[in-house]
């Protein structure tokens, strides 16, 4: 029997004020061991002050085959960006 | 630490020329390829094999250096070596994770290592026979590895490149640690100097072999370069390594064991003697001094740990059942 | 010099246990644990270095941390017996770690009131390390104790094998008693209730019971060790002793 230990994704917050960022993954049988392993593997050089672990299987990802229909329609909506609007320079930053 | 010489792209694909062309254009445009992107089967297979070999090299590489943790001759060295060997384990872990994004499990890769199906860097099939070897391994072997690994931070496959960035960042202390050990020996007692020279004598040629066969003899190397999995050829990297390392040896007053080694003003690099390729292939094929012992040690760790992993899985199952019952 | 001697006892505990854990490096049951165990070993070795250095300074004869670690033989080593016990298997190793950390955690908390500045400094750092060691080793003891039949059997065997070394943790040698009276080190005997509580919490979840100990083994503080320590030291000290006076 191949004993496959579940895979977890690890997120670390480098310091207060920043968001947790994905740093890698690891294997652990349960969430407590996953947290400890994340601490031991990914914070050996003071990389953070908070850790999240998420079972990799719990992530729902967008379908790469739908990438075009998902993300391209936004490309021509240039009026969502501030540079679309012309304001005279003397008015200053806005 | 890995031997790029063992790694060649698997060019076989069944995809249409249009698909391959479109993929190549993405790579040429320096776009990163991510795990769920469409990719040629050959590209995927090459990466699975290369990242797996790289990961195995890190894990097997813990053994020769681990051999001296319990004998390190000062507490400062003991702590540094332990931290270094631990890092190698971490690097193996990051790399296995990168390979897992391509749909192979760590267990599968581990089984392939144990069965001899998967290769790892031949350098770790040489024994560490003195404390000086810990210095030399850090200086030469990690030095050669860094030459290989820095270009991999720009590899076209995103997860591999990201793992390598982390590896390179952590690895920066390894070579310095090794050089400091050798320097202390080279400036020490007569016996320590001899130990350092003997160690350089034994590791110099194997370190050069880490870069793999000559470009002309390296199968599929072109395809790897084209896919930007590999960025420099074996001989280019080897030359870079020699040019960087020889002055470091001279600074220590140690002699590089190559009578043909000579500065070539015209090419701006060193000329050097020929590598013993018979020895190279012998070790690759499993007949190095330590091949059997290394795999035996890895298998023993895995087999002896099976009951621990099973217990962790069983306990996790119990926890889940209890939690569900409580809800 | 009593305080010097008492600090050596403490330093020896940490070095010998750190060394034992480092023997696992590259051979752990899973890669994640190959990362976790060196963290624990590095904590312990780090603490031993500060304590040796401080002991050497107090002694005032110019002995460095390495002189103290590498040039004393097994009769001069004053670690307790628990820490020198061989790794055996993962169950023994984790239980040994839990037993030790469950003692050292309240020890370092009490040592924050030490009259010695270096000891206070170590106490602040080491109590956090020990808190994590309790958690990490404790979670493993729970998983092995309440895992499979095999792991539960191995865990019970470890409890059986190691519990005879627990009482010695709470003994104070004459040197330690002097250091305690001088307010440099905490009173070991006072920590029993805290240790019992920590272990009871873990054992409750691990489905383990602390056995009655018909005869507790003692002697480490007088240099009366098991046979294994001599081998550990012979290995650890081999290079250092083969080159007297060399720098590394």
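Residue numbers (the working numbering), protein chains in the order written: chain A, 29 to 122; chain B, 200 to 526; chain C, 139 to 386.
Glycine included, each C-beta is placed from N, C-alpha and C at the ideal position.
Residue 227 of chain B has no beta-bridge partner at all, per DSSP. Spanning the alpha carbons of residue 318 of chain B and residue 146 of chain C requires a straight line of approximately 47 Å. Note: residue 468 of chain B is bridge-paired with B:463 in the DSSP secondary-structure output. Rounded to whole angstroms, residue 37 of chain A and residue 466 of chain B show a C-alpha spacing of 49 Å.
Residue B:298 holds the alpha-carbon nearest to the alpha-carbon of residue 234 of chain B among B:298, B:378 and B:450. In this structure, the straight-line span from the alpha carbon of residue 289 of chain C to that of residue 345 of chain C is close to 12 Å. By the criterion of a C-beta distance shorter than 8 Å, residue 283 of chain B is surrounded in its chain by 264, 337, 372, 373 and 376, once the five residues flanking it on both sides are discounted.
If you look at residue 273 of chain B, you'll find it isn't in any beta strand (DSSP E); DSSP assigns it neither H nor E. Burial of residue 149 of chain C is indicated by the presence of at least 16 other C-beta atoms within 10 angstroms of its C-beta.
Interface flag for residue 230 of chain C against chain B is unset, since no Cβ pair is found closer than 8 Å. Under a 10 Å Cβ-count criterion, residue 314 of chain B is classified as exposed, with fewer than 16 other Cβ atoms of the shown protein chains found around its own Cβ. Counting other Cβ atoms within 10 Å of its Cβ, residue 237 of chain B stays below 16 and is therefore classed as exposed. Put simply, the backbone Cα of residue 63 of chain A is about 13 Å away from that of residue 77 of chain A. Cβ-Cβ distances below 6 Å link residue 65 of chain A to 54 and 56 in the same chain, with the five nearest sequence neighbours on each side left out; the list follows chain order. What residue 54 of chain A touches in chain C, judged by beta-carbon distance under 7 Å, is 170, going in chain order. DSSP places residue 52 of chain A within a strand segment (E or B) once states are collapsed to three.
Residue 170 of chain C and residue 68 of chain A have their C-alpha atoms spaced approximately 8 Å apart. The bridge partners DSSP lists for residue 35 of chain A are A:55.
The residues 296, in chain order, have a CB closer than 6 Å to that of residue 230 of chain C in the same chain once the five nearest residues on each side in sequence are set aside.
By the Cβ criterion, the region 479 to 496 of chain B is in contact with the region 319 to 326 of chain B, since at least three pairs of Cβ atoms, one from each stretch, lie closer than 8 Å. Residues 145, 148 and 149 of the same chain have their beta carbon placed closer than 6 Å to that of residue 189 of chain C, with the five preceding and five following residues left out of the count. C:304 is the residue among C:228, C:304 and C:349 whose C-alpha sits nearest the C-alpha of residue 327 of chain C.
The alpha-carbon of residue 200 of chain C is positioned some 15 Å away from that of residue 187 of chain C. Between the C-alpha atoms of residue 432 of chain B and residue 396 of chain B there is a straight-line separation of about 30 Å. Secondary structure of residue 296 of chain B (DSSP, three-state): helix.
One Cα belongs to residue 436 of chain B, the other to residue 266 of chain B, and the distance between them is close to 29 Å. The Cβ atoms of residue 79 of chain A and residue 71 of chain A sit closer than 8 Å to each other. By the rule that beta-carbons nearer than 8 Å mark a contact, residue 64 of chain A touches chain C. Proximity to residue 351 of chain B across B:246, B:430 and B:477 peaks at B:430, based on C-alpha coordinates. At a cut-off of 8 Å between C-beta atoms, residue 46 of chain A does not count as an interface residue with respect to chain B.
Using a Cβ distance threshold of 8 Å, residue 356 of chain B and residue 258 of chain B do not count as a contacting pair.
Taken through DSSP and simplified to helix, strand or coil, residue 333 of chain C comes out as helix.
Around the beta carbon of residue 490 of chain B, 16 or more other beta carbons lie within 10 angstroms, which makes this residue buried. Contact annotation: in the region 71 to 103 of chain A, residues whose CB is within less than 9 Å of a CB in chain C are 72. At a beta-carbon threshold of 8 Å, the residues of chain C lying near residue 60 of chain A are 277, ordered along the chain.
Of B:349, B:328, B:423 and B:451, the smallest CA-CA separation from residue 382 of chain B is found for B:451.
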